[in-house]
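Heads up: the sequence shown begins at 30 in the numbering used here, then just goes up one per residue.
Every residue gets a Cβ at the ideal spot worked out from N, C-alpha and C, and that includes glycine.
Just so it is clear, the structure is predicted and the values come from calculations on it, not from any experiment.
Heads up, the thing below is written out as C-alpha cells.
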Amino acid sequence: DLKHFTYRESLIEGIEKSFVFKGDIFKDFDRRRVVAFLGPTGVGKTTNLFKVASKLILEENKKVAVISTDTFKAGAGDQARSYCNILGIPFQILSDPKKLRETVDDFDFVDVILIDTVGRSHYDHWKLGEIKETLRLIDEIEYMMVVSCNWKNKESYNLIQKYRKFFNISYLFFTKIDETAYPGTILNLAYKTKLPLTYISTGQNVPEDLKIITPERLASYLLMENE
Numbered sequence: 030d031l032k033h034f035t036y037r038e039s040l041i042e043g044i045e046k047s048f049v050f051k052g053d054i055f056k057d058f059d060r061r062r063v064v065a066f067l068g069p070t071g072v073g074k075t076t077n078l079f080k081v082a083s084k085l086i087l088e089e090n091k092k093v094a095v096i097s098t099d100t101f102k103a104g105a106g107d108q109a110r111s112y113c114n115i116l117g118i119p120f121q122i123l124s125d126p127k128k129l130r131e132t133v134d135d136f137d138f139v140d141v142i143l144i145d146t147v148g149r150s151h152y153d154h155w156k157l158g159e160i161k162e163t164l165r166l167i168d169e170i171e172y173m174m175v176v177s178c179n180w181k182n183k184e185s186y187n188l189i190q191k192y193r194k195f196f197n198i199s200y201l202f203f204t205k206i207d208e209t210a211y212p213g214t215i216l217n218l219a220y221k222t223k224l225p226l227t228y229i230s231t232g233q234n235v236p237e238d239l240k241i242i243t244p245e246r247l248a249s250y251l252l253m254e255n256e
C-alpha cells in the first residue's frame, strides 16, 4: 500500500545517504587488479571468490587467475583447483610465501588476480602477521574483507577491527544472508567501520547467488521482503 511504499522509499533514501556503496567494483577498470580475500575460517571466502571469478568471466569477459596461499586446510587447494579447471583459468598454490610477487608478475596476461588467503582467527595476531608478510610486496593489492551475516554484531565488529590493524581493507563482502534473521548486522558494521559495501552472497550457487549490495537490496532485507 501507499504507506508501506512511502516508508520503503524513505528507508532507501536514508540508507543511501548513510553508507558507502561501491557497487560492482569490477565493472569498469583499465588496469590489472589484484584482490585478496580476507577472513576467518567458515565465512565462505573460497566459494565466494569463485562466484566473483565466474561473474568476471561469464558477464564481463575478463581474464582471471587465482592464487591460493592456503596450504593449511586439508583439501582447500583441491577445491580451488577444481573450480579453476571448470572455469578454465590459471591456478597456483603458493607453497613459498616469498614467491608471491614473482607469481603475480607471471600472470601478466590476465585482467584480474584473485588471492584466496588462509582463514585465520582475528585473535591470532601472529598468524595475521604471517598473512600480511606474504602479501606486503604487492603494492597494488586491494583487500576484500569477507564477513558472515550470521555472526553476532559485536564479534563481527571485533573481527573487522582486528584485521584492520594488519590490512588496509578496501571493501566489505557479506556472506550467508540466507542463514540469518537479522540482516541489520550489515548496516551496523557499515556504520561503525565506514567501509565501502560491495557484494553479498544469498546462497551457495555459483555464480547465481552473488549480488551487488545496493540501498534497495538492503531495504528489502530489513523489511523481510522476498527478492
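- In the displayed model, D134 falls within a helix according to three-state DSSP.
- Beyond the five residues adjoining it in sequence on each side, P119 comes within less than 6 angstroms, by CB distance, of A94 in the same chain, given in chain order.
- When secondary structure is reduced to three states using DSSP, S230 falls in the strand class.
- Listed in chain order, the beta strand (DSSP E) elements of length 3 or more contained wholly in the region 125–182 are 141–145 and 170–177.
- By the beta-carbon neighbour count (other beta carbons within 10 angstroms, threshold 16), S150 is exposed.
- For the set D153, F138, P225 and R110, the Cα lying nearest the Cα of P69 is the one of D153.
- In this structure, Y200 is the residue among E208, Y200 and F195 with its C-alpha nearest to the C-alpha of L218.
- Take I122, set aside five residues on each side of it, and the residues of its chain with a beta-carbon closer than 6 angstroms to its own are S97 and G106, in chain order.
- Annotation: the region 59–100 contains the following complete segments of the beta strand (DSSP E) (minimum length 3 residues), in chain order: 62–67 and 93–97.
- Rounded to whole angstroms, the Cβ separation of A65 and I144 is 4 angstroms, and the two are in contact under 8 angstroms.
- By the Cβ-count criterion, A210 is exposed, with fewer than 16 other Cβ atoms from all chains shown falling within 10 Å of its own Cβ.
- Annotation for Y220: no beta strand (DSSP E) segment contains it, though the alpha helix (DSSP H) segment containing it runs G213 to T222.
- Segment contact: the region 40–49 against the region 130–137, fewer than three CB-CB distances shorter than 8 angstroms; contact not assigned.
- For F34, the number of other beta carbons within 10 angstroms of its own is below 16, and it is reported as exposed.
- Separation of the CB atoms of K240 and T231 is rounded to 6 angstroms, and the pair is thereby assigned contact status at 8 angstroms.
- Following the DSSP letters along the chain, one finds L239 inside the beta strand (DSSP E) bounded by residues L239 to I241.
- Taking C-beta separations shorter than 8 angstroms and ignoring five residues to either side along the sequence, the partners of T243 in its chain run F50 and G52, following chain order.
- Residue nearest to D140 within the set L85, N234, L252 and T76 is L85 (criterion: CA-CA distance).
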